[in-house]
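Here the sequence shown is numbered in the UniProt record's numbering, starting from 1 and rising by one per residue. Quick reminder that beta carbons are idealized off the backbone N, C-alpha and C, glycines included. Remember, it's a predicted structure, so these values are computed and weren't measured experimentally. What follows is one structure encoded as structure tokens, with my remarks underneath.
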Amino acid sequence: MTTATPNNPVPTIADLMAKADANWRVFDMGRRIQSINKNDFAVMERGEKPYPYPLQQKARFAVLFWDQKESKQAKVNNPFIWFLQFDVDELGLLNLQQRDHFISIVIKELGSAIVGNNDSSSEKLDNHPYSFTPDQNKQASFNAKVKVALKQPASMYYEHVQSYFNNEISTDKWQELTVQGIADFAARIEDTNNESNLIAKLDELTVQILSVLGGTLEHSTISTLLTTKLIEQQNIALDSSDHEEVFHLLRCMAGSEAKGLVKEQLSHLLAQPDLNEESLYLIIAGRFWDYLNDPELLNLYFDKVAQHSNQQLFAGIFADLVAVPATRASLLGLLRDPNRTAAVSRSIGTLFGNQ
């Protein structure tokens, strides 16, 4: 389905970009915002490789592109962005019929003129069945990461957030901070003193700021030092039964380099009898999915999910993660595991209609 036809003379998005002489990048937008190699994406478009990070059986990604001539200038001025979502099958392969339909819409509306000096052509594609709008935190995080990737300055709100974390602004002025400014701070956590200032300020942050920080820092790589502080604050919040704060702080660790510490903390949280909350299980499935390849953590996780009062939760999470290439083998192994718990066995039986 990737060969040219009279209706679709350009068979893939990668070919479309090449024909338009555009520079382009692809970012996953479903789970953590992260770059996808263009060559790998081209293989996915041929149906030869699964999409790496589907969420709820959909591939959600951003295509960022600009006129190649701008690359010769000092900076890229106004790149175009398509937020796209296509279904994936049980193996994580893209629905190429939907991709083909999208390309036919592009060619009908724009021809090959997908890059230019104005936004009018892009606006023609605002209404099609494969577009989606990221939530506010993810939109801000994407904007921040794009500016870093293209070596552009952060937004005008970044400096104010830096000043806040550097104690140049009173802590009770937190309402003056913007989502975009916090996203810029998170995307540049390795710059200057950002990380050390966050560590020093973390125990003073309101739950409102932690909520935005969790929704933005989860897309950045963080150090062992910051991970250790986040775990410390989680355990303090856990002792006071502030589960909302625990979850915000947990999200901040999604991109941690300290894999061992994160795994230990996930096990610790799952072992808490009073933390049997849907939010915890969804955060782990959506942001820490790769940790579930550890057999012990996998069994602990799904045992807790199976015992949750929401009987649909197990089926939804299983269907989501079995389509993720990184966790598919582990989930299929769970089906055959003779040592799985009774709760997991019951949920699997229900999943396949045996009860």
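Between F27 and A62, the C-beta gap is smaller than 8 Å, which places the two residues in contact. Taken through DSSP and simplified to helix, strand or coil, L300 comes out as helix. Looking from the CA of W24, the closest CA among P54, N78 and Q56 belongs to N78.
Beta-bridge partners assigned by DSSP to W82: V63. With a 10 Å radius around the Cβ and a threshold of 16 neighbouring Cβ atoms, A329 comes out exposed. In the DSSP assignment, F27 is bridged to S35 and A62. Look at L55 here: in three-state DSSP terms it is strand. Sequence-distant Cβ neighbours of N299 in its own chain, meaning closer than 6 Å and more than five residues away, do not exist here. Put simply, the stretch 79-99 does not touch the stretch 151-161. Fewer than three CB pairs are less than 8 Å apart.
N39 and A149 have their C-alpha atoms some 18 Å from each other. Taking R251 as the centre and dropping the five residues before and after it, the same chain places the C-beta of G214, G215, L217, E218, I283 and R287 closer than 8 Å to its C-beta, in chain order. Within the stretch 185-269, the complete alpha helix (DSSP H) runs of at least 4 residues fall at 194-201, 207-217, 224-239 and 243-252. Between the stretch 347-354 and the stretch 303-319, the count of C-beta pairs closer than 8 Å reaches three or more; the two stretches touch. About 7 Å separates the beta carbon of A14 from that of F41, a gap short enough to meet the 8 Å contact definition.
Of the residues assessed, G333 falls on the exposed side of the cut-off, its CB having fewer than 16 other CB atoms within 10 angstroms. In the structure shown, L282 adopts helical secondary structure according to DSSP, grouped into three states. Between V146 and L64, the C-beta gap is smaller than 8 Å, which places the two residues in contact. When only Cα atoms are considered, Y291 and T206 end up about 29 Å apart. Here A323 is near E90, since their CB atoms are less than 8 Å apart. By the neighbour-count criterion, in which 16 or more other beta carbons inside 10 Å mark a residue as buried, P50 falls on the buried side.
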